[in-house]
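2 protein chains.
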Amino acid sequence: MVFPRKIKGFRDIDHGLNSLRWHIIEKATEIYKRFGFEHWDSPTLEYAETLGKYLPEADEVVDGVYSFKNPEIEPQFNDKGTELRDKSNNVLMTNHHLTMRYDLTAPLARMYSELIWQKFMHNQVQEGKADLFRRFQFGPVYRFEAKLDPGRFREFWQIDFDTVGSDSVATDAENCMILSDALENIGIKKGEYIIKLNNRKIIKGFLESIGVKSEQDADVMRVIDKLDKIGITGVTEELGKGRKDEKSGAFITGLGLNKKISDGIEKFLVSFDTNQTRKKILESLSSLKIDNEIYVQGLAELLEIDAILEKTGYDEQTVIIDPSMIRGMGYYTGPIFEAEYLGTYKDAKGQKRKVGSICGGGRYDGLVENLIGLKVPASGASIGVDRLAEIMTLTGKVPQLIDGPVFIVNFDDHLMPEYQKIASDLRKEGLEVEIYYGAKKGLKQQLSYADKKNCTLAIIIGEDEFNKGVATVKNLKLGKELADKISDKKEWTSKVQKEIKVDKLVKEIQKML
Amino acid sequence: MVFPRKIKGFRDIDHGLNSLRWHIIEKATEIYKRFGFEHWDSPTLEYAETLGKYLPEADEVVDGVYSFKNPEIEPQFNDKGTELRDKSNNVLMTNHHLTMRYDLTAPLARMYSELIWQKFMHNQVQEGKADLFRRFQFGPVYRFEAKLDPGRFREFWQIDFDTVGSDSVATDAENCMILSDALENIGIKKGEYIIKLNNRKIIKGFLESIGVKSEQDADVMRVIDKLDKIGITGVTEELGKGRKDEKSGAFITGLGLNKKISDGIEKFLVSFDTNQTRKKILESLSSLKIDNEIYVQGLAELLEIDAILEKTGYDEQTVIIDPSMIRGMGYYTGPIFEAEYLGTYKDAKGQKRKVGSICGGGRYDGLVENLIGLKVPASGASIGVDRLAEIMTLTGKVPQLIDGPVFIVNFDDHLMPEYQKIASDLRKEGLEVEIYYGAKKGLKQQLSYADKKNCTLAIIIGEDEFNKGVATVKNLKLGKELADKISDKKEWTSKVQKEIKVDKLVKEIQKML
Chain A
177 MVFPRKIKGF
187 RDIDHGLNSL
197 RWHIIEKATE
207 IYKRFGFEHW
217 DSPTLEYAET
227 LGKYLPEADE
237 VVDGVYSFKN
247 PEIEPQFNDK
257 GTELRDKSNN
267 VLMTNHHLTM
277 RYDLTAPLAR
287 MYSELIWQKF
297 MHNQVQEGKA
307 DLFRRFQFGP
317 VYRFEAKLDP
327 GRFREFWQID
337 FDTVGSDSVA
347 TDAENCMILS
357 DALENIGIKK
367 GEYIIKLNNR
377 KIIKGFLESI
387 GVKSEQDADV
397 MRVIDKLDKI
407 GITGVTEELG
417 KGRKDEKSGA
427 FITGLGLNKK
437 ISDGIEKFLV
447 SFDTNQTRKK
457 ILESLSSLKI
467 DNEIYVQGLA
477 ELLEIDAILE
487 KTGYDEQTVI
497 IDPSMIRGMG
507 YYTGPIFEAE
517 YLGTYKDAKG
527 QKRKVGSICG
537 GGRYDGLVEN
547 LIGLKVPASG
557 ASIGVDRLAE
567 IMTLTGKVPQ
577 LIDGPVFIVN
587 FDDHLMPEYQ
597 KIASDLRKEG
607 LEVEIYYGAK
617 KGLKQQLSYA
627 DKKNCTLAII
637 IGEDEFNKGV
647 ATVKNLKLGK
657 ELADKISDKK
667 EWTSKVQKEI
677 KVDKLVKEIQ
687 KML
Chain B
177 MVFPRKIKGF
187 RDIDHGLNSL
197 RWHIIEKATE
207 IYKRFGFEHW
217 DSPTLEYAET
227 LGKYLPEADE
237 VVDGVYSFKN
247 PEIEPQFNDK
257 GTELRDKSNN
267 VLMTNHHLTM
277 RYDLTAPLAR
287 MYSELIWQKF
297 MHNQVQEGKA
307 DLFRRFQFGP
317 VYRFEAKLDP
327 GRFREFWQID
337 FDTVGSDSVA
347 TDAENCMILS
357 DALENIGIKK
367 GEYIIKLNNR
377 KIIKGFLESI
387 GVKSEQDADV
397 MRVIDKLDKI
407 GITGVTEELG
417 KGRKDEKSGA
427 FITGLGLNKK
437 ISDGIEKFLV
447 SFDTNQTRKK
457 ILESLSSLKI
467 DNEIYVQGLA
477 ELLEIDAILE
487 KTGYDEQTVI
497 IDPSMIRGMG
507 YYTGPIFEAE
517 YLGTYKDAKG
527 QKRKVGSICG
537 GGRYDGLVEN
547 LIGLKVPASG
557 ASIGVDRLAE
567 IMTLTGKVPQ
577 LIDGPVFIVN
587 FDDHLMPEYQ
597 KIASDLRKEG
607 LEVEIYYGAK
617 KGLKQQLSYA
627 DKKNCTLAII
637 IGEDEFNKGV
647 ATVKNLKLGK
657 ELADKISDKK
667 EWTSKVQKEI
677 KVDKLVKEIQ
687 KML
């Protein structure tokens, strides 16, 4: 005998949450397809080394991912795919490390690299002319976070779309359009969210212009990324000498930039009012007269994206430019975008809380290069399905509960073939019908089961009804609605329940639904 | 740099195969829902002990599954869910074994047990009165088969439906109806498949009647299960003294049943003509006058199922009774059913091959008992999604290839906002539209990309067209159809290509699709 339980951080998903999860997946993928993306899938499990980043160094599971040794012993390969051999020319064998995918981007890099591998090995892939590949994918990803914050999970679903092999920033414009269309198709209305657009090249060019060394870029951006959390004063302090964290009292060492530079960054960050039109912000960016190559390029790209968004009607109600928006991940190289949910919710303590970012993405031209050394431009975005489902639940945005099936009460086992015939006739019309098979056969117990499943109607046929050729049909849904309004039991019953001839049942029930 | 590759036995699923996979999932779940099943999900990873069967004994990954130690150290529990402690009252900690699910049934047992656990611990669950739970679930499962036969995979998808907590064989009748409806909804027509129905109780009762000891039942059934492969002579030999395998020449030791018994089994197995009506076969089973309890019960159950199938119109074109059908798995306890695909296909060597079983299920009343010791009746079935997809491909049953998006040729980067506007207008009507973003910009290369994606129409606008306010629209789909029929290039072009004013584009393209 065993104590039945799930692994900590893993969940069973019930019918209700599953409905919401698949609502999000269906509505988002409908939009992804509308922009020409194909549905591809990759395995849940991959060789650890092909996923990069989390390469296990010892024989142990490494922090952050679920990783283990392949039970199969296999040849070792060099980076050209040639088997390694020892001095006696025997193939070197090993149990490779396997990792459960921690996102859908690393497997995309492996998949794309594999698709072009033969051509690449035969020098038939020109840099800058790699094959175009546009796919979406959804499914669970796995993170082993040693400390599991409340509301965080170790298995959660993502839904990604990516364009690999295009350096056109028109794809970045499109990515903003896709996120916007997807969110609205899911049920988040215009005005309830905003997409923030920026370009890493703008930040980089600006930092270069005020004398930040390029090797410090990543650190500076990591600090700027905290703007929402610690405010502009905190950012400026952390760029310079450091600051004392208000909550913990701990001192956080600063980057040690000189005051002129940190003041310059502060000035840059506060100088844009994101309520302004994109045109105005682009003008401000232009008026800074920064003339290094990367800044000029970054600005030109934003102008190009803006022109496309304007032409296609995605105005400032949908996409704004926010030059202070960074996005955490280190691998972005160009345009970045992030959808912020503008609503608030009340947390467990009843406090109002901002939702913040719900999805985003950007251009990451190092994707394939990190794996096989070939520069291939790429841009894409990801919606955290479970995170969005949670936010929709917290903010009351969940679409109407799905109606359960029509319910046939099992009053008398001997009438089972009759119940089956009725169910079968109704199903032929496409209706969802459930006959009760439970062991607890009391009418109350049966109707309580139907209630839990949100059933719309209950069909009741006992011996008497059967002999008369009728069925009692109870409108469970209407019954619930009227329960508060009508206190008189007789009146309630007369509205909610009626007798219908069995041979009229299909038509009458179709009318009632 | 890394050699990019997948783990052996794992696959990337391309757009085409994914379309087929999701066609099967959608069409099957549509039917499952129509019978009142809810969509629940369980994690991919579970504590090994809760999945039973493949419990790792050592610290090693065990044959048959992917299993590894949880990176997290956690308390040990007894089977009541109480933490174990040492003599000093310290909680005993361990890294539990985790297993990637090898099917969807074992996690169902864990999930159901967990759902009723509190009530069960407080003695509020009466045996025979356990809660009714009906769910469907789909997703990948994992098997580490050391020897991987061609066409077999270590990650593959299943789609299960199960009724837990009902001993009514009406659910078994329903399961046959569901498999039939699901297969037809997927596109396998009546006459192309047949569902075979049997009852383990019939076999068991018969074996008891001729003197087979109940502890030999499983072995005998394992041999009978080979009937399709080794024929009736092979089965009789293997029940008795053994036989020489024709292909390998190896001698297979028999069960050593005496001749009277093995002859009796042979007689039973060949005495039913499955072309007969279910009524006739039930009469034959009845005429054997076997009067032990299990046989009588098994026959009564088949009669009940037959009555329901007859009443609902599932005749012998859909469901037959085959008393020699066993199904491999040891855990079935009552009615079993299996859909056989009647078509053939040609294998790689051009030889005609029978497809055989494509899905099935049965009653397994030990499901929950094996885990927590509570008897809860259950019945369900599973469709192997990837296996069915493969068979549909092999037998040419794949539904029409899905049309790709409308394709907008990128002739001139400066016209990108115009392309975007056109795409946006078309998408607003729900059309799928892709603008070409690839690095290889030749018209031929662009159209070759569109061809690979099965695009229906191509919209071509260059500088000339733009100045005239027109677009050239090429009907790629029609073009392919006419390519064989029309050899004159001019005539072909006149049928396949036309100039359309940009402001009429949406309407004209809707007409063309």
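Chains as they are written, first to last, in my numbering: chain A, 177 to 689; chain B, 177 to 689.
We treat Cβ as the ideally placed atom computed from N, Cα and C, and that holds for glycine.
(request) Answer with buried or exposed for K677(B), where buried requires no fewer than 16 other C-beta atoms within 10 angstroms of its C-beta. (result) With fewer than 16 other Cβ atoms within 10 Å, it is exposed.
(request) Return helix, strand or coil for N374(B), following the three-state DSSP convention. (result) Residue state for N374(B) is assigned as strand, using DSSP reduced to three classes.
(message) Just list the residues that DSSP pairs R310(B) with in beta bridges.
(response) R310(B) is bridged to T339(B).
(message) Using the three-state DSSP reduction, which class does Q622(A) fall into: helix, strand or coil?
(response) Three-state result, Q622(A): helix.
(message) What residue range does the beta strand (DSSP E) around Y517(B) cover?
(response) Start and end: 511 to 522.
(request) Give the interface partners of R286(B) over in chain A, defined as CB-CB distance under 7 Å, in chain order. (result) Neighbours of R286(B) in chain A, taken as residues whose beta carbon is under 7 Å from its own, are P180 in chain order.
(request) Quickly, what does DSSP pair S558(A) with across the bridge? List them, please. (result) Paired residues: D336(A), G536(A).
(request) Mark K436(B) as exposed unless 16 or more other C-beta atoms lie within 10 angstroms of its C-beta, in which case mark it buried. (result) Exposed, because fewer than 16 other Cβ atoms sit within 10 Å of the Cβ of K436(B).
(request) Verify whether the separation of the beta carbon atoms of Y128(B) and S385(B) is less than 8 Å. (result) Nothing about residue 128(B) can be reported from this structure: the residues present for chain B run from 177 to 689 only.
(request) Check the Cβ of S624(B) against every Cβ in chain A and list those closer than 7 Å, keeping chain order. (result) Per Cβ cutoff of 7 Å: no residues; S624(B) is ~11 Å from chain A at best.
(message) Measuring straight from C-alpha to C-alpha, what distance separates V345(B) and A285(B)?
(response) Each residue's alpha carbon lies about 20 Å from the other.
(message) If you reduce the DSSP assignment to three classes, tell me which class Q673(B) lands in.
(response) Looking at Q673(B) - three-state DSSP - the assignment turns out to be strand.
(request) Compare the C-beta of P251(B) with all C-beta atoms of chain A and state if any pair is closer than 8 Å. (result) Contact of P251(B) with chain A is not assigned, every C-beta pair being separated by 8 Å or more.
(request) Give the C-beta separation of L431(A) and D395(A) to the nearest angstrom, bearing in mind that I take them to be a contact with Cβ-Cβ under 8 Å. (result) Yes, L431(A) and D395(A) are in contact; Cβ-Cβ is about 6 Å, under 8 Å.
(message) With a threshold of 8 Å between beta carbons, is E608(A) in contact with chain B?
(response) For E608(A), the closest Cβ of chain B is nearer than 8 Å.
(request) Closer than 9 Å, Cβ to Cβ, to anything on chain B: give me those residues from the region 478 to 504 of chain A, in chain order. (result) Cβ contacts with chain B come from E480, A483, I484, L485, E486, K487, T488, G489, Y490.
(request) With a cut-off of 8 Å on the beta carbons, I'd call L373(A) and F513(A) a contact; round off their distance for me. (result) The beta-carbon distance between L373(A) and F513(A), rounded to whole angstroms, is 5 Å. This is short enough to meet the 8 Å contact definition.
(request) Please determine if the region 553 to 560 of chain B and the region 328 to 343 of chain B are in contact, where contact requires at least 3 C-beta pairs separated by less than 8 Å. (result) These segments touch.
(request) Ignoring anything shorter than 3 residues or poking outside the region 425 to 513 of chain B, list the beta strand (DSSP E) runs there in chain order. (result) DSSP assignment within the region 425 to 513 of chain B yields the following whole beta strand (DSSP E) runs of 3 residues or more, N-terminal first: 427 to 429, 495 to 497.
(request) Could you list which residues in chain A have their beta carbon closer than 8 Å to that of H215(B), in chain order? (result) Ordered by position in chain A, the residues that pass the 8 Å Cβ test against H215(B) are H191, N194, S195, W198.
(message) According to DSSP, simplified to helix, strand and coil, what is S600(B)?
(response) Three-state result, S600(B): helix.
(request) Just the C-alpha distance for K203(A) and F186(B), rounded to the nearest angstrom, thanks. (result) Between the alpha carbons of K203(A) and F186(B) lies a distance of about 29 Å.
(request) Output the distance between the C-alpha atoms of H590(B) and A483(A), rounded to the nearest integer angstrom. (result) Roughly 11 Å separates the two Cα atoms.
(message) In whole angstroms, give me the CA-to-CA distance for E667(A) and F587(A).
(response) Straight through space, the alpha carbons of F587(A) and E667(A) are spaced by roughly 25 Å.
(request) Give the DSSP-derived three-state secondary structure of D395(A) in the structure shown. (result) Assigned with DSSP and collapsed to three states, D395(A) falls in helix.
(message) Contact between the region 475 to 491 of chain B and the region 412 to 424 of chain B is defined here as three or more beta-carbon pairs at a separation below 8 Å; is this criterion met?
(response) Counting Cβ pairs under 8 Å, fewer than three are found: no touch.
(message) For V388(A), count the other beta carbons within 10 Å of its own beta carbon; 16 or more makes it buried, fewer makes it exposed. Which is it?
(response) Buried: at least 16 other Cβ atoms inside 10 Å.
(message) From the DSSP secondary-structure annotation, give me the bridge partner or partners of R529(A).
(response) Partner(s): Y521(A).
(request) To the nearest angstrom, report how far apart R261(A) and D255(A) are at their CA atoms. (result) Roughly 14 Å between the two C-alpha positions.
(message) Strictly below 8 Å CB to CB, what residues from chain A border K629(B)?
(response) Residues of chain A with a Cβ closer than 8 Å to the Cβ of K629(B) are, in chain order, G212, E214.
(request) Measure the Cβ-Cβ separation of L274(A) and L221(A) and say whether it is below 8 Å. (result) The beta carbons of L274(A) and L221(A) sit closer together than 8 Å.
(request) Give the interface partners of L274(A) over in chain B, defined as CB-CB distance under 9 Å, in chain order. (result) Result: I183, Y242, F244.
(request) Tell whether a beta-carbon distance below 8 Å holds between I584(A) and I598(A). (result) I598(A) is positioned such that its CB atom lies closer than 8 Å to that of I584(A).
(message) At a CB distance below 7 Å, what residues from the region 543 to 559 of chain A approach chain B? Give them in sequence order.
(response) Within the region 543 to 559 of chain A, the residues whose Cβ lies closer than 7 Å to some Cβ of chain B are L547, I548, G549, listed in chain order.
(message) According to DSSP, simplified to helix, strand and coil, what is G418(A)?
(response) G418(A) carries a strand assignment under DSSP once its states are collapsed to helix, strand and coil.
(message) Starting from E639(A), trace the alpha helix (DSSP H) in both directions and tell me its first and last residue.
(response) Start and end: 639 to 644.
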